[in-house]
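A quick write-up on the structure given underneath.
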Ligand SMILES: Cc1ncc(COP(=O)(O)O)c(C=O)c1O
């Protein structure tokens, strides 16, 4: 007989994805059933769909601080990052353009950069310190006459650490260089205003902020200087030629409502979730020796906790914690389990890298769930350590 816990694990993986808010789902359902028109059609149903899309553009722009015309719909943050980076650099018009980024970016930025590198673009990946922080003066020094773009994530998905975008935005503004940020983890969790930060481009993902999967947006602030972006998807000229393809109206409506909810509830949610996260961390630090919070000395998102339990293999811990859904940053390669590129870039001791687990908290997380998770994690870490010690006797 399965226990309740096995059927419903305590979900502490909200940085991986979030459930769709009921209010978002309610707004989406009519777009599947009755209001299913194509936003490109001229008849009444098409016009209604187009109006719903424009309303969603307003809702997104209210959250991220741009004009609604700056919002380009994409299939998610991965596509938004690709469009921002490849589209921008390809239209920059320089013979040998240069891009500045950092080692701890998500693969949805690192891989497009790699692909541009193969086309002859020069890419500098800057180092971060042991807390995942990038020094704005290092960014300033990396800028060269050929530099066309700086791309730095707003918040790191493994650590929750925040990039000093205000300082870096000002540096880029002074140098007349475009700046892109992958705000997948930050948008809807903390205030992030593209206009105030002087950002040219910003990527947002629906499923990280209680919206649906398969939808996102690239914010492209033409007023920030550059006028053009070379599309990466051609065919029909939707989104003013920036991203062709029939608009996913239900998902767009869902993302819009998710953003509107975030505008009104984000501050209160953040405070509550930060309280749960901080209690969780301090209990684990007090109860388990040789435990560390990675990135703790950086400003951080309120909802992510990356912890290392030295002497315990992170994958074994997650397998043992069957009643909890959390993540490791590790990637399984053919031969071994490798610590993530983020933890490596921090230069942490290897035992800390190998024992790192990311717990992430969300709107539905309750104090009861956190207490229950602690009751499972503490004895499991102790017993895995005992087993590891016995193996060496
Ligand atoms: C920082 C970051 N960038 C990009 C992505 C990819 O977003 P999407 O799933 O919307 O393509 C994620 C999600 O895993 C992320 O955390």
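In the numbering used here, the protein residues as written are 930 to 1322.
Every residue, glycine too, gets a C-beta built ideally from N, C-alpha and C.
Residue 1027 has its Cβ no nearer than 7 Å to any heavy atom of ligand 1.
Listed in chain order, the beta strand (DSSP E) elements of length 3 or more contained wholly in the stretch 1057-1103 are 1076-1080.
Look at residue 1043 here: in three-state DSSP terms it is helix.
A distance below 8 Å separates the beta carbons of residue 938 and residue 1253. Non-local beta-carbon contacts of residue 1041 in its own chain, meaning distances under 7 Å to residues more than five positions away in sequence, involve 1010, 1011, 1014, 1015 in chain order. Closer than 7 Å to some heavy atom of ligand 1: that describes the Cβ of residue 1136.
Of 1171, 1144, 1031, 1124, the smallest CA-CA separation from residue 1091 is found for 1031.
Here residue 1281 is buried, its C-beta having at least 16 other C-beta atoms within 10 Å. In the three-state reduction of the DSSP assignment, residue 1113 falls in the coil class, being assigned neither a helical nor a strand state. DSSP, reduced to helix, strand and coil, places residue 1146 within a strand of the structure shown. Per the coordinates, the alpha-carbon of residue 1048 lies some 41 Å from the alpha-carbon of residue 961. Taking the Cβ atoms as the reference, residue 1132 lies roughly 5 Å from residue 1006, within the contact range of under 8 Å. Only residues of its own chain outside the window of five on either side were considered, and among them none has a CB closer than 8 Å to the CB of residue 1193.
The alpha-carbon of residue 1203 is positioned some 38 Å away from that of residue 1320.
Residue pairing by DSSP places residue 974 in no beta bridge whatsoever. In this structure, residue 1286 keeps its C-beta atom at 8 Å or more from the C-beta atom of residue 1309.
Assignment of residue 1131 by DSSP, reduced to helix, strand and coil, places it in the strand class. Among the bridge pairs identified by DSSP, residue 937 is matched with none.
The DSSP-derived three-state label of residue 1017 is helix. In terms of Cβ geometry, residue 1117 and residue 1195 form a close pair [threshold 8 Å].
A residue is called buried once 16 or more other Cβ atoms fall within 10 Å of its Cβ, and residue 951, having fewer, is exposed. Taking a cut-off of 8 Å for Cβ pairs, the stretch 1119-1138 and the stretch 982-994 touch, as three or more such pairs fall below it.
Ligand 1 has a heavy atom closer than 7 Å to the beta-carbon of residue 1035. In chain order, 1290, 1294, 1296, 1299 place their CB closer than 7 Å to the CB of residue 1205, counting only its own chain and leaving out the 5 sequence neighbours on each side. Residue 1065 places its beta carbon less than 8 Å from that of residue 1097. The distance from the Cβ of residue 1127 to that of residue 1102 is about 4 Å, consistent with a contact at the 8 Å cut-off. Excluding its 5 nearest sequence neighbours in each direction, residue 1113 has C-beta neighbours in its own chain below 6 Å: 1006, 1134, 1137, listed in chain order.
Excluding sequence positions up to five before and after residue 1130, its CB lies within less than 6 Å of the CB of 1013, 1109, 1149, all in the same chain and listed in chain order. By alpha-carbon distance to residue 1231, the top candidate from 1144, 1239, 1089 is 1089.
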